[in-house]
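The structure appears right after this line, and notes come after that.
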Amino acid sequence: MRPYKKTFSYRIGRLFKEVADVLFPRQCCICGRKLNSDTDNICGVCFTNLPFTHFKGKKGNTMERLFWGVTEIEQANALMYYDIDDPSRVLLHELKYNGHDDIGVQFGRIMAKDLEETDFFNTIDAIVPVPLYYKKLKSRHYNQSERIAQGISEITGIRVETQALIRIKDTPTQTKLTKEERQENMEGAFELKDTTRIAGQHVLLVDDVITTNSTLLACINALKHANGVKVSIMTLALAGKHSKRPPQYTPV
Ligand SMILES: [Zn+2]
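Residue numbering for the sequence shown follows the numbering used here, starting at 10 and increasing by one per position.
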């Protein structure tokens, strides 16, 4: 990353932000504390308490294992765990259902910076966000996965590809379905509209949260209709029974 030069316009922008924070105080989306002008959406305390996976793109991580013996992927990574008691649940809810699409861009940048020291992005040609069905996109006004992809792109410089993969089936919410029902629910939900945009490329498929592999698997099956496509996967959060944390170290 280039060092951020504190130019005149930077200082003016900062001043406006500080004034705006006094007139219209912003709150942490998790604990409600007042945010200072250096932070967006989430305060420093809540950020520190997020259940980060620390996978750092390591081979054989829990996320990759979801696809072992199912389909071939290059690599997979999730930034944090997601559970009913986790602060990440509130974060994801704000991103998805409460109009806070800026959380997606912010955490997309964090997801990319988390892997900056690794070779995770080295051979990736395009970032493909999991598409929403057009009616859902119309009512939500944004695709949260596309916002995450934008954040990743800002840091890596890799293009976001939204014209190749489309969602052709409106799927009901999957939260109460079994693994088998989820798979059935997602079958044929995606279609590769334009094979030329990704043929022969290494694609990074991006979603907000993964619970079972059913949604991403349906996307991968569609993407592989293009010749010579390789797929890697990245999500903001990893949910479900796979989100078992390593045992906590207890000092004696
Ligand atoms: Zn907070």
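Even for Gly, the Cβ is constructed at its ideal location relative to N, Cα and C.
Need the endpoints of the alpha helix (DSSP H) that residue i sits in, please.
{"i": "A231", "result": "223 to 232"}
{"i": "R191", "result": "188 to 195"}
Do you know offhand how far residue i's Cα is from residue j's?
{"i": "R206", "j": "L174", "result": "10 Å"}
{"i": "N194", "j": "T220", "result": "14 Å"}
{"i": "G166", "j": "V114", "result": "14 Å"}
{"i": "E83", "j": "N222", "result": "15 Å"}
{"i": "F64", "j": "L226", "result": "21 Å"}
{"i": "T16", "j": "G69", "result": "44 Å"}
{"i": "S154", "j": "L32", "result": "32 Å"}
{"i": "I39", "j": "K105", "result": "14 Å"}
{"i": "S241", "j": "G53", "result": "31 Å"}
{"i": "D47", "j": "H150", "result": "27 Å"}
{"i": "Y102", "j": "K26", "result": "Note on identity: in this sequence residue 102 is His, with Tyr being the wrong assignment. Roughly 26 Å between the two C-alpha positions."}
{"i": "R11", "j": "I164", "result": "The pLDDT assigned to R11 is 48, lower than 50, so where the model puts this residue is not dependable; a value taken from the coordinates is nonetheless given after this. Each residue's alpha carbon lies about 10 Å from the other."}
{"i": "N107", "j": "Q172", "result": "26 Å"}
{"i": "E189", "j": "A158", "result": "28 Å"}
{"i": "F130", "j": "R176", "result": "26 Å"}
{"i": "I119", "j": "S97", "result": "14 Å"}
{"i": "E196", "j": "N230", "result": "10 Å"}
{"i": "I112", "j": "C37", "result": "11 Å"}
{"i": "Q192", "j": "D92", "result": "21 Å"}
{"i": "I51", "j": "K43", "result": "9 Å"}
{"i": "L232", "j": "N58", "result": "36 Å"}
State the CB to CB distance for the pair residue i and residue j, rounded to an integer number of angstroms; the pair is presumed to be in contact (CB under 8 Å).
{"i": "D179", "j": "K144", "result": "6 Å"}
{"i": "A208", "j": "A235", "result": "4 Å"}
{"i": "V215", "j": "I136", "result": "6 Å"}
{"i": "A246", "j": "D217", "result": "7 Å"}
{"i": "T62", "j": "Y90", "result": "6 Å"}
{"i": "V139", "j": "T224", "result": "6 Å"}
Which of the three DSSP states is assigned to residue i in this structure?
{"i": "V238", "result": "coil"}
{"i": "E200", "result": "strand"}
{"i": "I175", "result": "strand"}
{"i": "T205", "result": "helix"}
{"i": "L244", "result": "The amino acid occupying residue 244 in the given sequence is Thr; Leu does not appear at that position. In the structure shown, T244 sits in a strand (DSSP, three-state: E or B)."}
{"i": "P12", "result": "Residue confidence for P12 is low, a pLDDT of 48 falling below 50, so the modelled location carries little weight and cannot support an answer."}
{"i": "K185", "result": "coil"}
{"i": "G249", "result": "helix"}
Between which two residues does the beta strand (DSSP E) carrying residue i extend?
{"i": "I6", "result": "Since the first and last residues shown for the chain are 10 and 261, residue 6 lies out of range."}
Got a sec: is the Cβ-Cβ distance from residue i to anything in chain B below 8 Å?
{"i": "V99", "result": "No chain B is present in this structure, which holds just one protein chain."}
Those runs of the alpha helix (DSSP H) which lie wholly inside the segment 75 to 159 and span at least 4 residues: Within the segment 75 to 159, the runs of alpha helix (DSSP H) at least 4 residues long that lie entirely inside it are, in chain order, 96 to 106, 110 to 123, 143 to 149.
Quick one: which unbroken alpha helix (DSSP H) runs of 4-plus residues sit fully inside the segment 14 to 76? Chain order, please. Counting only runs of 4 or more, we get 17 to 32, 53 to 57, 71 to 74.
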